[in-house]
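To keep things clear, I will list the structure first and then write my remarks on it.
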Amino acid sequence: MFIFKLLVILTLGYWIMMLGDTLWARKLMRQLPASPKPGGSASTESFASAGLAQPRGTTAKELPLVSVIIAAKEEEASITETVKHLLNQTYPRFEIIAVNDRSQDGTGHKLEELRKWSQGKRQVEVPLTIIHVTTLPAGWLGKNHALYQGFLQARGQVILFTDADVLFQPHALADAVHYMKETEADHLTLTPKIVVNSFWLSAFVQYFFFALSLYIRPWRANIDSQHKHGMGVGAFNMITRQAYDRIGTHQAFAFRPDDDLQLGMRVKQAGLRQRLASGRTQLAVEWYKSLREAVQGLEKNIFSGFQYRVLPAAAGVIGQLLLFFFPFVAIFVLDGWVFWSYVLSIVLMLSVYSLLIQSLIGKIGKELLVFPATVCLLSYIVTRSVWLTLRQGGIHWRGTFYVLEQLKKMKR
Numbered sequence: 336m337f338i339f340k341l342l343v344i345l346t347l348g349y350w351i352m353m354l355g356d357t358l359w360a361r362k363l364m365r366q367l368p369a370s371p372k373p374g375g376s377a378s379t380e381s382f383a384s385a386g387l388a389q390p391r392g393t394t395a396k397e398l399p400l401v402s403v404i405i406a407a408k409e410e411e412a413s414i415t416e417t418v419k420h421l422l423n424q425t426y427p428r429f430e431i432i433a434v435n436d437r438s439q440d441g442t443g444h445k446l447e448e449l450r451k452w453s454q455g456k457r458q459v460e461v462p463l464t465i466i467h468v469t470t471l472p473a474g475w476l477g478k479n480h481a482l483y484q485g486f487l488q489a490r491g492q493v494i495l496f497t498d499a500d501v502l503f504q505p506h507a508l509a510d511a512v513h514y515m516k517e518t519e520a521d522h523l524t525l526t527p528k529i530v531v532n533s534f535w536l537s538a539f540v541q542y543f544f545f546a547l548s549l550y551i552r553p554w555r556a557n558i559d560s561q562h563k564h565g566m567g568v569g570a571f572n573m574i575t576r577q578a579y580d581r582i583g584t585h586q587a588f589a590f591r592p593d594d595d596l597q598l599g600m601r602v603k604q605a606g607l608r609q610r611l612a613s614g615r616t617q618l619a620v621e622w623y624k625s626l627r628e629a630v631q632g633l634e635k636n637i638f639s640g641f642q643y644r645v646l647p648a649a650a651g652v653i654g655q656l657l658l659f660f661f662p663f664v665a666i667f668v669l670d671g672w673v674f675w676s677y678v679l680s681i682v683l684m685l686s687v688y689s690l691l692i693q694s695l696i697g698k699i700g701k702e703l704l705v706f707p708a709t710v711c712l713l714s715y716i717v718t719r720s721v722w723l724t725l726r727q728g729g730i731h732w733r734g735t736f737y738v739l740e741q742l743k744k745m746k747r
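For the sequence shown, this note's numbering gives the first residue as 336, with consecutive numbering after it.
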């Protein structure tokens with residue numbers, strides 16, 4: 336019985352601490368604001384059509400050129416829609432560089448069709464560059480290499496790294512550039528709206544981002560006084576060219592599957608200014624199409640979040656089960672003050688969950704009812720990811736096998 340008393344004290348203390356931290360963190364969680372409309376004078380007519388707020392007398396040519404870089408591997412189902420959404424942006428100065436990363440499907444053909452289509456439309460004035468990567472050099476993960484190849488062709492003062500399945504609302508670039516300028520940020524990363532098509536996938540996605548947030552606490556990106564913890568989201572990493580060069584470009588983390596997070600971490604460690612905001616009204620992405628696909632996708636790379644170390648991964652699974660799952664079991668087998676302490680822990684836990692999900696995703700639904708099941712599912716995925724990686728001696732990622740010993744050497 337002593338062990339249960341000790342465990343409930345630790346559990347209750349943890350959730351009290353997390354509630355306090357979350358209430359404080361909500362002040363740092365921001366929604367990307369829409370860029371205000373200009374005054375409409377003759378000197379700002381170009382901005383009226385773009386929906387940008389710039390000082391009177393500023394011309395569109397004085398806006399920074401944004402280079403949007405997309406890495407696409409086996410993305411024939413989504414790449415056309417993504418590029419067409421980007422071509423519809425109201426921001427007047429940007430280019431698109433789409434990199435076909437050794438795709439075996441019709442991705443390259445789709446991109447070439449898009450280039451011909453854009454060249455034949457008078458109203459489409461956005462330069463569209465297509466790069467076909469056919470080989471992968473040693474020491475690189477495919478996506479990182481593709482993004483870097485895109486950067487080598489980029490002309491912009493601002494670089495946006497994004498994925499091939501992200502849908503942009505027309506004012507997304509305008510809002511982001513305005514916010515970067517307003518906050519004097521070197522790096523802006525946005526969390527998109529996650530599109531899900533089933534109850535169980537929605538429940539798991541919500542729990543995954545809840546657990547991830549408690550693990551990495553992404554809101555610390557908005558604290559300028561700390562330079563240890565940063566954040567990056569693959570759907571939207573916008574960074575100035577100067578800052579990207581300063582962190583060593585993708586060459587500095589060429590062999591990291593979590594390249595988006597690594598970019599954000601290195602921005603902070605370099606002492607640069609970073610901003611994290613919710614872009615759910617500007618961006619949307621269907622992360623996975625089904626729960627099965629989510630499980631299969633995460634089990635390939637979630638071990639990288641623990642830097643391929645077994646003990647931290649084991650601690651993560653055990654901690655989840657003891658702090659997140661066991662309280663739901665304890666209320667059926669224990670009594671007295673221990674019972675009521677676990678009841679209070681559950682109330683605090685679900686309060687933290689609700690506050691974080693409202694900030695990250697924007698809504699709370701009946702998915703909350705299956706919270707314990709999603710805890711078990713994520714614990715299973717982490718365990719299986721460790722087992723598969725060790726058994727295979729590496730990971731299969733985007734059609735390429737990477738040896739574990741190489742991954743460990745490049746973990747920092």
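Don't be surprised by glycine CBs; every beta carbon is placed ideally from N, CA and C.
Taken atom to atom, the span from the alpha-carbon of His506 to that of Tyr677 is near 47 Å. Put simply, of Ser639, Arg361, Leu679 and Tyr688 the residue whose alpha carbon is nearest the alpha carbon of Val738 is Ser639.
Of the candidates Thr575, Arg733 and Trp535, Trp535 places its Cα closest to the Cα of Leu704. The three-state secondary structure of Phe736, taken from DSSP, is strand.
Leu367 is a Cβ neighbour of Tyr514, given a cutoff of 9 Å.
DSSP places Lys362 outside both helix and strand once states are collapsed to three, so it counts as coil. Contact check for Leu525 and Phe571: beta-carbon distance about 4 Å, within the 8 Å limit, so the pair qualifies. The continuous stretches of beta strand (DSSP E) do not include Leu471, and DSSP gives it neither H nor E. Runs of the beta strand (DSSP E) lying entirely within the segment 477-503 and spanning at least 3 residues, in chain order: 493-498 and 501-503.
With distances taken between CA atoms, Val682 lies nearest to Leu354 out of Leu341, Phe339, Leu342 and Leu354.
At the C-beta level, Leu656 and Phe543 stay beyond 9 Å of one another. Taking the Cα positions, Glu460 is about 21 Å away from His444.
Excluding its 5 nearest sequence neighbours in each direction, Tyr579 has C-beta neighbours in its own chain below 6 Å: Ile494, listed in chain order.
In this structure, the beta-carbon distance from Arg576 to Met566 does not fall below 9 Å. By the C-beta density criterion, Pro472 is exposed, having fewer than 16 other C-beta atoms within 10 angstroms. DSSP places Arg576 in the helix class (H, G or I) of the three-state scheme.
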